[in-house]
Structure formats: structure tokens, C-alpha cells
Amino acid sequence: MNEFLDALTLARWQFGLTTLYHFLFVPLTIGLSFLVAILQTAWVRTGKVKYLRLTKLYGKIFLINFAMGVVTGIVQEFQFGMNWSNYSRFVGDIFGAPLAMEGLIAFFLEATFIGLWIFGWDKLPKGAHLATIWLTSLATILSAYFILAANAFMQNPVGYELNEQTQRAELTNIGEVLLNPVALHQFPHTIFASIMFAATVMVAVAAWHLSRRQYVDEMRTSLRFGLWANILAFMGVGFTGHSLGMVMTQTQPMKMAAAEALYETASGADASFSIFSLGTPDGLHEIFSVRIPYLLSFLSHGNFTGEVEGIRDLQAAYTEMYCGADSSLLTCPSDGQFMPIIWVTYWSFRWMIGLGALATLVSVVGLWITRKNREVPAWAWKVAIWTAPVPMIASLVGWIFTEMGRQPWIVFGVMTTESGVSPGVPAWAVLVSLIVFTVVYGGLAVVEFKLIVKAAQAGPPEIETSGDGGADGSGEGDVDHDKLATVY
Numbered sequence: 002m003n004e005f006l007d008a009l010t011l012a013r014w015q016f017g018l019t020t021l022y023h024f025l026f027v028p029l030t031i032g033l034s035f036l037v038a039i040l041q042t043a044w045v046r047t048g049k050v051k052y053l054r055l056t057k058l059y060g061k062i063f064l065i066n067f068a069m070g071v072v073t074g075i076v077q078e079f080q081f082g083m084n085w086s087n088y089s090r091f092v093g094d095i096f097g098a099p100l101a102m103e104g105l106i107a108f109f110l111e112a113t114f115i116g117l118w119i120f121g122w123d124k125l126p127k128g129a130h131l132a133t134i135w136l137t138s139l140a141t142i143l144s145a146y147f148i149l150a151a152n153a154f155m156q157n158p159v160g161y162e163l164n165e166q167t168q169r170a171e172l173t174n175i176g177e178v179l180l181n182p183v184a185l186h187q188f189p190h191t192i193f194a195s196i197m198f199a200a201t202v203m204v205a206v207a208a209w210h211l212s213r214r215q216y217v218d219e220m221r222t223s224l225r226f227g228l229w230a231n232i233l234a235f236m237g238v239g240f241t242g243h244s245l246g247m248v249m250t251q252t253q254p255m256k257m258a259a260a261e262a263l264y265e266t267a268s269g270a271d272a273s274f275s276i277f278s279l280g281t282p283d284g285l286h287e288i289f290s291v292r293i294p295y296l297l298s299f300l301s302h303g304n305f306t307g308e309v310e311g312i313r314d315l316q317a318a319y320t321e322m323y324c325g326a327d328s329s330l331l332t333c334p335s336d337g338q339f340m341p342i343i344w345v346t347y348w349s350f351r352w353m354i355g356l357g358a359l360a361t362l363v364s365v366v367g368l369w370i371t372r373k374n375r376e377v378p379a380w381a382w383k384v385a386i387w388t389a390p391v392p393m394i395a396s397l398v399g400w401i402f403t404e405m406g407r408q409p410w411i412v413f414g415v416m417t418t419e420s421g422v423s424p425g426v427p428a429w430a431v432l433v434s435l436i437v438f439t440v441v442y443g444g445l446a447v448v449e450f451k452l453i454v455k456a457a458q459a460g461p462p463e464i465e466t467s468g469d470g471g472a473d474g475s476g477e478g479d480v481d482h483d484k485l486a487t488v489y
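2 is the number of the first residue of the sequence shown in this note's numbering; add one for each residue after it.
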């Protein structure tokens with residue numbers, strides 16, 4: 002119990018919980034802005050009212066989610082100074098650059114074009130108004146890239162030099178930081194995963210209405226669009242995930258070894274992918290496993306003969322490298338262990354893949370049973386609705402794998418996590434803030450969920466048509482964007 006109540010453990014729990022909570026909103030914002038832009042493009046190109054109604058329905062959900070994400074994201078930056086002051090002091094010269102770019106460039110553009118999109122429905126030409134939602138989507142994606150570039154430095158530090166006098170990492174090449182190989186491969190993986198989540202939300206909304214035979218034309222379009230978007234995005238997730246895995250093998254071999262519970266260095270047939278594995282409680286020995294020969298070599302190197310380093314060899318190498326006589330005090334963990342918690346890394350990797358595949362399987366089955374306007378059984382609608390959060394959970398588990406698999410490092414090979422915690426903050430203070438954040442965030446989660454459910458169940462708004470039968474984007478029953486902007 003005392004080990005759990007120390008400041009380091011509590012600070013890690015607080016940052017982990019608040020980060021995962023904030024990430025509940027991020028993928029839906031990224032994915033929905035992109036899919037809403039496609040729907041609005043379809044309306045501008047075809048003039049079909051159903052596309053405009055769907056644009057406004059999912060646009061409202063997007064705005065609700067965006068507003069809540071902004072509120073929860075602010076807390077993240079405060080924590081660097083409160084609970085992780087040593088880390089902030091050490092890496093602030095590098096970490097601050099992409100975060101500043103995110104705020105001054107991406108978020109500024111995002112906020113500006115969201116405002117133009119909200120208020121510009123009856124004030125801007127269709128083409129100009131369409132451009133605002135595309136620019137909003139581009140800004141959300143750009144924002145994600147800057148954040149991922151900052152995170153990539155923690156996974157693979159580049160573009161810096163260590164000042165021995167000040168004991169700080171100093172930026173030497175911003176280009177290397179922004180073009181970090183980890184960021185370049187992690188970025189598309191994250192974007193495709195976000196589109197998956199947004200697509201399953203669209204499918205769930207459509208399934209709820211279709212099960213009640215409401216807005217059949219619009220919701221059938223939404224359903225099929227969401228199903229196809231989910232499948233295509235999963236293909237992107239798989240392709241980028243493979244390339245990210247190869248980069249991870251090069252930059253963080255211990256993470257790959259832990260993800261596969263690979264204790265001994267292996268290659269070829271011996272470098273097998275573990276479907277299921279049981280190990281000893283200390284994580285040092287394998288008891289039983291079910292493996293596919295050669296697959297780990299392929300996942301790690303793109304061929305079937307590549308060598309994958311094992312946990313024991315890496316532990317020995319890291320001990321010599323980071324705990325030797327010439328090593329820094331920031332690089333040797335107090336317990337001398339360089340491997341993460343094996344069972345967390347191992348199973349989070351499999352849950353990430355399995356949940357993503359499950360959501361895609363549901364989409365494939367959904368396309369099959371809804372073809373040619375066939376009668377759909379009631380159970381299928383329920384499955385579609387309950388599948389909505391599955392890609393989101395897969396993304397959350399994926400981030401647990403990414404961050405827990407990096408341990409014991411807060412910056413890989415440069416600074417351990419225990420070295421980054423604030424030295425003057427008592428455990429009770431961290432515990433109090435952890436409880437407060439949990440309670441407040443729990444309340445916000447309820448508010449967010451109810452607002453989105455209410456907007457989804459209200460369905461697409463009625464649209465007034467002009468004299469020639471075309472939709473003008475305004476009128477009775479339309480979304481009151483001025484009011485929405487005031488509230489959110």
C-alpha cells in the first residue's frame with residue numbers, strides 16, 4: 002500500500018488517467034471533422050439534401066466533442082509543471098517547440114475555421130464555406146502531428162545535445178525533432194485509428210434510427226458510409242502499424258521483446274509471434290505459449306530471417322550501458338530493471354489488434370447483411386450500436402502499450418521516469434488532485450455522453466428548400482449555430 006501511495010506512482014497514475022481521458026475526445030474530433038468534410042463535399046457536389054442533413058447532424062456532434070476536448074486538454078500541460086518539474090526542466094527546450102507550434106499554428110487555425118464554419122452557413126458561398134470545414138479538419142490533423150512529434154522525442158530522442166553543466170537537453174535541430182521516424186510512422190497510424198472511431202459512431206447513430214425506421218434514406222447512407230470508412234481506415238491502421246512496428250524494433254527493441262514475451266534473442270522460425278503466453282510472476286521466464294513461426298521476424302524487419310533481441314540480452318546490455326561507472330544518474334533505475342511490466346505490454350498489444358479487428362469484422366458483416374435493402378435482424382442493430390466504442394478502446398489500449406512499453410524511461414535512454422518527478426511535491430497533494438480530477442472528469446464524461454446521445458437521437462435537422470427544390474442550408478428545424486457557439 003505504501004508503494005502505491007508514493008508521489009511517483011500517484012503522479013504516474015494521474016498523468017495516465019487524465020491523458021487517457023483527454024484522448025477519449027481526440028480521435029472523435031479528428032475523425033469526425035474529416036468525415037463531416039466529406040459529407041458536406043457530397044452535398045455541394047450533388048445538391049442532395051440528405052448529405053446536408055447528415056453534415057449538420059454529425060457536425061453538431063463534432064462541435065460538442067471538440068468543446069469538451071479543449072477543456073480536458075488544458076489540464077495536461079499544467080501537470081508538466083506540477084508533478085513532473087524535473088522532466089520539464091530537463092526536456093523543456095525540445096518539448097516546448099512542437100507544443101508551441103501546436104498552439105500557435107494548428108490550434109489557432111482550428112479555432113478560426115471552426116468559427117467560420119459555425120457562423121458561415123448563410124453568409125459564405127458554398128465553396129468557401131466548404132473550404133472552412135476542410136481547413137478545420139486539416140488543422141486538427143496538423144495539431145495531432147505536433148503532439149505526436151513531442152511524444153516521439155520521448156520514444157526516440159533526436160535533434161538535441163546534453164548540456165553537462167546545466168544537465169538539460171538542448172535543441173540543436175528542430176527538423177530532426179519534427180521529422181522523427183517514430184512521429185512519421187505513428188502519425189498516420191493515429192489518424193486512421195481516429196477515422197475508425199468516428200466511422201463506428203456514425204454506424205451506431207444510423208443503426209439506432211434504422212432500428213426504429215426513422216430517417217431511412219439519410220441513415221442508410223450514413224450506415225453504408227460509416228461501414229466502408231471503418232474498413233478502409235482499418236486497412237490503413239494495419240499497414241501503418243506494421244511500419245511503426247519495424248521502427249519500434251530499431252528504436253526501442255525492449256518494447257518489441259516485451260510485446261512478444263520474447264525472453265531469448267531469436268531469428269527465423271524461432272522469432273515467432275506469440276498468440277498466447279503465460280510467464281512466471283517475476284516476468285523472467287515463459288511457462289507456456291502458442292506461437293506462429295517466422296511472423297515476429299516479418300513484423301520486426303519486413304523479412305522472415307531478421308533477428309529480434311530478447312528480454313534477457315537487452316537487460317544485460319542496458320545494465321552495462323546505463324548503470325556503468327560512466328553512466329548518468331538520470332539513466333539507471335533504482336531497481337536496475339530495464340524491462341517494462343511484461344503482462345501489461347504483452348496483453349495491451351494484443352487487445353489493441355484484436356479490438357480493431359473486431360470492429361472491422363462487424364463492419365464487413367454489416368455491409369453483407371444490409372446489401373440490396375434486405376431486412377436486417379434486430380440483433381444486428383444492437384451489435385452495431387454497441388460496437389461504437391470498440392475502436393476507441395483499441396486506441397486507448399494502444400497508448401497504454403506505447404507508454405508502458407517505454408518504461409522505465411520517460412525519455413528513452415536519456416532520463417528515467419523516476420528522475421522526472423517533482424521532488425518537492427508530497428504524495429498527499431498528488432493524491433488529492435488525483436481524486437479531484439477523477440471526480441470532475443467523471444462528471445464531464447456524463448455531460449459529454451448525454452449531450453452526444455441527445456444530439457444523435459434527435460436525428461438530422463429539417464432543411465428548408467429553395468424554390469427549385471435545392472437545399473439552402475438554413476430554415477426551420479435547422480441547427481441554431483449561433484446558439485450552439487454561445488453554449489460551447
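Ideal placement from N, C-alpha and C gives every residue a C-beta, glycine not left out.
- Between the segment 99–118 and the segment 337–353 there are fewer than three inter-stretch CB-CB distances shorter than 8 Å, so the stretches are not counted as touching.
- In its chain, beyond the 5 residues on either side, P461 have a beta carbon closer than 6 Å to the beta carbon of L58.
- Excluding sequence positions up to five before and after T332, its CB lies within less than 6 Å of the CB of Y323, all in the same chain and listed in chain order.
- Inside the segment 369–431, DSSP marks whole alpha helix (DSSP H) runs of 4 or more residues at positions 379–387, 391–405, 418–421, from first to last along the chain.
- By the 16-neighbour rule on beta-carbons within 10 angstroms, W369 is exposed.
- With a cut-off of 8 Å on Cβ pairs, the segment 7–19 is in contact with the segment 417–435, counting three or more such pairs.
- Runs of the beta strand (DSSP E) lying entirely within the segment 137–186 and spanning at least 3 residues, in chain order: 161–164, 169–172.
- Distance from the Cα of L263 is smallest, within the candidate group Q166, I343, T222, M220, for I343.
- If you draw a 10 Å sphere on the C-beta of G399, you find 16 or more other C-beta atoms in it, and that means buried.
- Annotated three-state conformation of F277 is strand, per DSSP.
- Residue pairing by DSSP places A267 opposite V309 in a beta bridge.
- For the pair Q251 and M257, the Cα-to-Cα distance works out to about 9 Å.
- Going by beta carbons, A12 and V422 fall inside the 7 Å limit.
- Beta-bridge partners of I31 (DSSP): none assigned.
- Contact check for S396 and P28: beta-carbon distance about 6 Å, within the 8 Å limit, so the pair qualifies.
- Residue pairing by DSSP places V448 in no beta bridge whatsoever.
- Under DSSP, V291 shares a beta bridge with F277.
- In the structure shown, the three-state DSSP call for K49 is coil.
- When the five nearest sequence neighbours on each side are left out, the beta carbons in the same chain lying within less than 8 Å of the beta carbon of A194 are those of P28, A234, V238, G357, P392, A395, S396, G399, in order along the chain.
- Annotation: the continuous alpha helix (DSSP H) that includes R13 extends over 8–24.
- Judged by beta-carbon spacing, M102 lies beyond the 7 Å limit of F35, meaning their Cβ atoms are not closer than that value.
- Of the residues L64, G48, H23, Q15, the one whose Cα lies closest to the Cα of V37 is L64.
- The beta carbon of L100 is closer than 6 Å to those of A151 in its chain, skipping five residues each way along the sequence.
- Annotation: Q156 to F413 spans about 6 Å, alpha carbon to alpha carbon.
- By alpha-carbon distance to A389, the top candidate from W209, I119, K61 is W209.
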